[in-house]
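Step one of this worksheet: look at the structure below.
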Amino acid sequence: MIKGLYRSASGMLPVIKKQEAIANNISNATSSGYKKDAVFTKELSKAQKKHIPKQSDWQQPMVDDIFTDFSAGTFERTGNPLDLAIDGDGFFQVELPDGSTALTRAGSFSINQDGLLAQADGPVLLADGGAIEPGQGTITVSANGQIDVNGNVVGKITPVTVDDLEKLDKVGASLFKVPEGMQLNTVPQAQIRQGYLETSNVDIVKQMVDMIVSYREYEANARALTTQDQSLENLFNRVASRG
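FYI, in this note's numbering the residues of the sequence shown are 1 to 243.
Structural data, given as structure tokens:
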């Protein structure tokens with residue numbers, strides 16, 4: 001019976017984490033360039049948790065880690081010349097307010113108070129030569145990332161990536177901080193689409209279905225846990241009454 005309690009409880013833990021991930025995905029479904037999260041589980045017998053018994057006869061999935069699905073979203077035409085999307089692999093490289101480097105697929109940019117192309121919440125877009133200061137005029141971005149203002153070249157955007165995407169640190173909705181010392185690789189075959197934004201890769205319908213299914217699974221384990229707890233209490237009471 002004790003094994004049953006652990007089995008029901010261990011079945012509830014990954015569901016809680018999954019619900020949190022789904023809720024976060026749904027809340028960011030309209031965020032440009034957002035990449036959905038999912039929960040990866042493993043068998044309890046393989047979990048390195050000293051406080052959890054490891055018995056082969058009551059193995060249950062446990063939370064191993066949350067991973068990010070980097071699959072591309074769709075392109076949404078906005079007509080705004082400062083909205084950019086990457087057609088292919090790679091990310092925009094941006095500089096965070098603290099000076100660190102981050103990657104993003106969210107291409108909604110504007111000219112900040114310093115005259116630089118940046119996202120509304122602060123990160124500054126970096127081109128091959130650093131920050132981009134377009135000045136006044138008509139901005140044109142070609143498919144190869146070259147930025148022209150009134151016919152004058154002011155920079156070139158080349159999408160970049162890393163060897164292991166799983167090592168990126170997700171911060172905020174659509175930013176991935178690059179660990180110090182990690183090398184950035186250019187993705188020259190990717191193209192820039194001006195006047196478009198990449199939508200999130202969240203399928204709202206699927207996320208809602210997954211949320212309902214996981215909630216039912218949590219309910220079933222919770223009921224089983226309550227039933228076993230009551231049975232255990234009744235057993236103790238009978239033993240005590242006979243003593």
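All residues carry an ideal CB built from backbone N, CA and C; glycine is no exception.
- When the beta-carbon positions are compared, residue 161 and residue 73 stay at least 7 angstroms from each other.
- Counting the other Cβ atoms within 10 Å of the Cβ of residue 189 gives fewer than 16, which makes it exposed.
- For residue 22, the three-state secondary structure derived from DSSP is helix.
- Between the alpha carbons of residue 133 and residue 16 lies a distance of about 46 angstroms.
- The beta carbon of residue 68 sits closer than 7 angstroms to the beta carbons of 35, 37, 170 from its chain, once the five residues preceding and following it are set aside; these are given in chain order.
- Take the alpha-carbon of residue 104 and the one of residue 174: they are about 6 angstroms apart.
- Per DSSP, the beta bridge partners of residue 171 are 175.
- Scanning 197, 222, 108, 92 for the CA closest to the CA of residue 178 turns up 92.
- For residue 196, the uninterrupted beta strand (DSSP E) segment begins and ends at 196-198.
- For a cut-off of 8 angstroms, the C-beta gap from residue 89 to residue 187 is around 5 angstroms, short enough to register as a contact.
- Taking all protein chains shown into account, residue 65 has fewer than 16 neighbouring C-beta atoms within 10 Å of its C-beta and is therefore exposed.
- Residue 152 counts as exposed, since fewer than 16 other beta carbons sit within 10 angstroms of its beta carbon.
- Considering only 159, 95, 182, the residue with the shortest C-alpha distance to residue 167 is 182.
- Residue 23 counts as exposed, since fewer than 16 other C-beta atoms from the protein chains shown sit within 10 angstroms of its C-beta.
- Assignment of residue 210 by DSSP, reduced to helix, strand and coil, places it in the helix class.
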